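*Asks:* In our numbering, the protein residues as written are 1112 to 1226.
Think of the CB as a built atom: it goes at the ideal place given N, C-alpha and C, for glycine as much as any other residue.
The model shown is predicted, which means the values in this text are computed figures rather than measured ones.
Sharing a structure with you now.
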């Protein structure tokens, strides 16, 4: 079973992603707190990680840099409503493989997971 890690401070986003992907047979770990999500990302193996950019306590660019430094090759997508945010550029420069703009298309994530 493919596993997805979602880190986003918006409970509605987490719940939506969790419901959709679990219904399709994926395992989903969802965290609203960046530090908890970071710990899960470092301790477990995931096929895909989705990280929001604007969160309290730790932004998504910092989280992305740490995860990709510790786990090079990890497939990570940035989630944001602000695609021109400097944090997005920072996360992409750190190695994030793509950007999903809120509200995002679930089909884009599915295409990635099928490949």
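I need the straight-line Cα distance from residue 1132 to residue 1142, nearest angstrom please.
*Replies:* Rounded to the nearest angstrom, the two C-alpha atoms are 15 Å apart.
*Asks:* Specify, as a first and last residue, the run of the alpha helix (DSSP H) that residue 1204 falls within.
*Replies:* Element bounds for residue 1204: 1197–1205.
*Asks:* At the level of alpha carbons, what is the spacing between residue 1174 and residue 1149?
*Replies:* When rounded, the distance between both Cα atoms is 7 Å.
*Asks:* Where are the beta strand (DSSP E) runs, 3 residues long or more, that stay fully inside the stretch 1139–1213, in chain order?
*Replies:* You should have 1159–1163, 1187–1191, 1209–1212.
*Asks:* Going along the chain, which residues of its own chain have a beta-carbon closer than 7 Å to the beta-carbon of residue 1151, five neighbours each way excluded?
*Replies:* Excluding positions up to five away in sequence, the list reads 1116, 1140, 1142.
*Asks:* Please report the straight-line C-alpha distance between residue 1162 and residue 1195, rounded to a whole angstrom.
*Replies:* Their Cα atoms are separated by approximately 16 Å.
*Asks:* For residue 1220, is the classification buried or exposed, using 16 other Cβ atoms within 10 angstroms of its Cβ as the cut-off for buried?
*Replies:* When all chains shown are included, residue 1220 counts as buried.
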